[in-house]
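Trainee: Residue 750 in this note's numbering sits at position 83 of the sequence shown; the count goes up by one each step and never skips.
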Amino acid sequence: MSFSQISSRLQQELKSNSPQIRFLLKKSPGLAFTTINEIASSVGKKYNIKVSLNFPERGKIEDYESYGTENIGFVFQRNAKSFPIPRDTIKSKATEALGNVQIQDAYMYEGKEGVRVIDQNYRLDVLPASLHVWGKINDKIKNFCDWLFENCYEVKPGVDEALSETSS
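#1: Quick test of your reading: K758 and V742, contact by CB under 8 Å. State the CB separation rounded to the nearest angstrom.
#2: Go through the region 704-751 residue by residue and report every complete run of the beta strand (DSSP E) that reaches 3 residues or more, in order.
#3: Can you tell me the Cβ-Cβ gap for A764 and N810, rounded? I've got them flagged as a contact below 8 Å.
#4: So S669 is in the alpha helix (DSSP H); what residue range does that whole segment cover?
#5: Alpha carbon to alpha carbon, how far is E817 from S669?
#6: Please state the DSSP three-state secondary structure of I785.
#7: With distances taken between CB atoms, is the gap from F722 to P795 smaller than 7 Å?
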């Protein structure tokens with residue numbers, strides 16, 4: 668499964684639950700946050716990953732049109748400390764896919780490795796066990812994250828997903 672497919676599914680689920688989320692936002696933003704991340708978690712479960720939405724700026728949770736299009740975290744169920752491919756390959760692919768961005772090694776301690784990609788409009792934290800997109804997702808980010816999902820994370824659907832795909 669690709670980043671694009673999973674984020675698209677996430678957006679669909681959030682949109683279909685929009686009335687309930689809007690109601691909860693008025694009643695209790697904390698409850699809305701919990702519900703939003705329960706939906707994200709259930710989408711992720713279909714692919715054996717943990718998906719969460721973050722709202723790093725005050726009031727951002729009110730922007731329900733942006734749900735699933737920015738500030739998403741993916742945790743892949745493993746304790747990996749190093750990438751399955753050379754870190755330099757990820758860095759050169761980031762440059763190729765994203766253009767003029769700042770790329771730096773990140774989280775390099777206790778035998779761990781990671782890559783941080785910084786642009787004026789977004790930041791990507793690429794770690795062996797997780798991927799965090801901070802900012803609005805554009806086509807370049809989507810393509811790079813699709814490449815990461817295929818080459819670094821080996822995301823495969825869970826049993827429920829395989830069954831639902833054949834029965835629809």
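Virtual Cβ for every residue (Gly too), placed ideally from N, Cα, C.
Mentor: Taking the geometry as given:
#1: Contact doesn't hold; Cβ gap of about 22 Å is too wide.
#2: 716-720, 737-743
#3: 6 Å
#4: From DSSP, S669 is part of no alpha helix (DSSP H); its letter is neither H nor E.
#5: Their backbone Cα atoms lie some 7 Å apart in a straight line.
#6: strand
#7: no
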